[in-house]
Structure formats: structure tokens, C-alpha cells
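The sequence shown begins at 1358 in the working numbering and counts up one residue at a time. Here's the structure we're looking at; comments come further down.
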Amino acid sequence: MKIESLLIHGGIDGDEKTGAVNIPIYQTSTFKQRAFGENNGYEYSRTGNPTREALEKLVGDLEGGVGGLAFGSGMAAITAVLSLFKSGDKMLIPNNLYGGTFRVIDKVFKNFNIDYEIVDVSHIREVKKILEQESGKIKGVFIETPTNPLMDIADIKAISTLAKGYGALAIVDNTFMTPYLQKPLEFGADIVVHSATKYLGGHSDVVAGLIIVKDKELLERLHFIQNSTGGVLGPFDSFLLGKGIKTLAVRMDRHNENAAKITKFLLENENVSKVYYPGIKGNLGYEIHRKQAKGFGGVVSFVVNKNIDYKKFLSSLKVISFGESLGGVESLICHPATMTHGAIPKDIRQKVGIVDELIRLSVGIENIEDLLDDLKRAFEESRVK
Ligand SMILES: Cc1ncc(COP(=O)(O)O)c(C=O)c1O
């Protein structure tokens, strides 16, 4: 099946017993046992729940893995992945990545003596240099491509090959692209994680996370961690996420289309000094991205000039909502330095380019004219007099 069909019919297609085209919501914490030592495949919903399992099978199919695991948030999924490592191990992470991921590595796992090195993932030679220097210590390379919020592109195949050579797991946060546009496991990654809160859910109505792997033994280890630490996704949210996933292809096509038009508008705008979008021809990483993904996604970041009061700009928008998150049908705009990336120390933020004038826009699927008019008006209203 092609991905557009797999989104709708992948995993467990409907309910075999009744013919219902949707997976029933098994809103239960526990399951009655048939007899001593005999059950119907389920015991307790932390360990396994049929609604969650249907979702987990679906996302396993979508990413081309052996299976998936669904969590109560993207951070719970990332925490489960980081729980694979032990005291003395090190992680290699990008110099710009989602602030919450940086925070859990820097403020939680570091306390357990799991340290990290930072690298510019768009330069493969830099990645190799650190892996060589830290040979034997780095056990996990965690990347986002594109990175959040500066849209740096990492070469998944080259990094996965390097990681393997140095005995490290290659982990890719595929939140921005989704399996509709990019499948990291096909390029050699070991683990894919998602904040399914974003494009996969697509309607800003559920907080969820996913892990997908291509090795059965690794899936079992991660299921053990999921069951032991308990950050599972509930049945109703599993249903909502499965429902959102069905329309991913049509939504992503429109996100791509709208974001490309907004990027063009921003590139030509006198109030904007820099635009970050993977689809800008000639940019570092453009060719690599085209090789590993079939679209550029819906997130575009940009830096406004000093003649614009960025606080006023953010508050002046009417169609585009000022708020955290991304990937919903509605356009969302945020200020990374104080919101999504506030957890990253200021000196690192400034050094890599997460400046105060940086704005991240998650382009929704509204009519493009309404979005462009909203931006034009907000620029007008926020000009410094
Ligand atoms: C790229 C990326 N990964 C992970 C997360 C964390 O996911 P959640 O908010 O679902 O815990 C986010 C949240 O914004 C994100 O943007």
C-alpha cells in the first residue's frame, strides 16, 4: 500500500468483530482473566491496551519499523529512549534542538551521570570529529532534521552510519517531517521519536509521543521501559491520534504549499533579515534534505529587523495564533527565545542564532491569502515609529 492508503488502513484496520471502520475506544484500566494464568492477550492497560496497540501498530507500519510505542507526550517518549543509557554514557546532540529535549538531557539525565556533547549537525565532519574524540563514550546520537527552530539539516544516512561505526544508537526526532515526508529508519536510523502532539495528531487536541524502531529486541527493551516507567498514552487520546493520522497526507500537502508561499513572501520582505526554511534553494543542507525527504514541511523561522517591534508584531496577528506548539491545522506563531527554547542557556541560544528577534511560524492549512494579509497587517502595525 502507498502511504496515503496506509495512513487510513495501516496497523489494525477497523474492528474485526463488529465491522466498525474505526478502532473502538477500550476505556478500561484492567481486563478480566479467563482463568488462572489465562487471559485474552491483555492484563492491565499500562502494559497493553487494544486502542493504544492499534495506534502503535499503525505508526510502526508508517515509519517502516517492527512496531511502535505510544506515550503520554513527546517528552515521555524521549525520556523512555534516554532511559536506554546508563551512568557514564554520553549523548551527542544538535546545537539547536527542541528546548524541552535539551532540558531533560541537561537537567534530568545529567544527574544520572549521562552527559552530552553538542555539535552542529549540518557539518558531518564535526559529527565525526566528536565521535572520534569521545570514542567509546558516546552511546547515542540524537538528531532532529530539520532542527527546531533553525531548520538545520542533518544527513540521516551519513550520521547513522557514523553512529553505528562508533557503537552508538542513531535516534531521529521526526516530528517536523512525519513519515509522510521522511522515514529515518530507511536511512539507517535505529530509533524514531515523535511529538505526535504536532502534525500526526494535527488538530491541537492531544498531547502524545511515539517511538518506532526497526529491531525487535530493541522494541522489547523499550516496551519494558514503557511498562516500568508508565508514561503511556490513554485509550481516548490513542483514538484521537489515530483519527488525526488518517488525514496526514492531505494536511501535509497543504502545509507544504502554504509554507512555501509564506517563505517566498518573507524572503522578499524588507522587515525580515533572515529566513530559515529547508526549501530555500542553495542553502546548506538543501540537497541533503531533498534526498531524504519528499517535502519541506510547514515550519518557517525568521528574524525581523530592528525597525519592527517583535512583541507588538506577535500580538497584532489575528488569523495566526500566538502560542506554543506547531503542526496543527491552525497557524501558530511563537517566540523561541522565551517560549519553546527558554530552557537553553542564553549564551548558547545567542551563539547559534536563537536571537530575541527570531520568530517561529507553524503555517496552518487556512487560505493562504488570509495568512499573508495577516502578516502584512501585523508588520505595518508593529513598525517602530
Ligand atoms: C521537535 C520536538 N520534539 C519533541 C517535543 C516534545 O513533545 P511534547 O510537547 O509532545 O512533549 C516537541 C514539542 O514542541 C518538539 O517540537
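Glycine included, C-beta positions come from ideal geometry on N, C-alpha and C.
{"Query": "Just the Cα atoms here: how many angstroms apart are residue 1624 and residue 1631?", "Result": "7 Å"}
{"Query": "What is the DSSP secondary structure of residue 1497, reduced to helix, strand or coil?", "Result": "strand"}
{"Query": "With respect to the beta strand (DSSP E) encompassing residue 1717, which residues constitute its N-terminal and C-terminal limits?", "Result": "1715–1719"}
{"Query": "Excluding the five sequence neighbours on either side, which residues of its own chain have a C-beta within less than 7 Å of the C-beta of residue 1534, listed in chain order?", "Result": "1650, 1654"}
{"Query": "Return the Cβ separation of residue 1461 and residue 1435 in integer angstroms, given the expectation that the two are a contact with Cβ distance under 8 Å.", "Result": "6 Å"}
{"Query": "Taking the DSSP output, what are the residues bridged to residue 1678?", "Result": "1689"}
{"Query": "Closer than 6 Å: is that where the CB of residue 1609 sits relative to any heavy atom of ligand 1?", "Result": "no"}
{"Query": "With H, G and I counted as helix, E and B as strand and the rest as coil, what does DSSP make of residue 1551?", "Result": "strand"}
{"Query": "As a quick exercise: from 1701, 1374, 1626, 1532, pick the residue whose alpha carbon is nearest that of residue 1334.", "Result": "There is simply no residue 1334 to check, as the chain begins at 1358 and stops at 1742 in what is shown."}
{"Query": "My assumption, with CB atoms under 8 Å, is that residue 1432 sits in contact with residue 1456. Please give the rounded CB distance.", "Result": "11 Å between Cβ atoms; not a contact."}
{"Query": "Once the 5 residues before and after residue 1420 are set aside, which same chain residues still bring their CB inside 8 Å of it?", "Result": "1531, 1536, 1540, 1541, 1542, 1549, 1569"}
{"Query": "Just to confirm, is the Cβ distance from residue 1479 to residue 1510 under 7 Å?", "Result": "yes"}
{"Query": "Determine which residues share a DSSP beta bridge with residue 1472 and list them.", "Result": "1447"}
{"Query": "Short of 6 Å in beta carbon distance, which residues of its chain neighbour residue 1368, apart from the five on each side in sequence? Order them along the chain.", "Result": "1411, 1414, 1415, 1418"}
{"Query": "Regarding residue 1696 and ligand 1, is the C-beta to nearest heavy atom distance less than 6 Å?", "Result": "no"}
{"Query": "What does the alpha-carbon distance come out to for the pair residue 1646 and residue 1475?", "Result": "21 Å"}
{"Query": "Report yes or no: do three or more beta-carbon pairs, one from the stretch 1612–1622 and one from the stretch 1708–1725, lie closer than 8 Å?", "Result": "yes"}
{"Query": "For residue 1618, which three-state DSSP category applies?", "Result": "helix"}
{"Query": "Using DSSP with H/G/I as helix, E/B as strand and the rest coil, what is residue 1395?", "Result": "strand"}
{"Query": "Does the stretch 1484–1493 come into contact with the stretch 1685–1699, if we say contact requires no fewer than three beta-carbon pairs (one atom in each stretch) closer than 8 Å?", "Result": "no"}
{"Query": "Would you grab the beta carbon distance between residue 1657 and residue 1714 for me? Rounded to a whole angstrom, and I think it's under 8 Å.", "Result": "Not quite, the Cβ-Cβ distance comes to about 15 Å (not below 8 Å), so this is no contact."}
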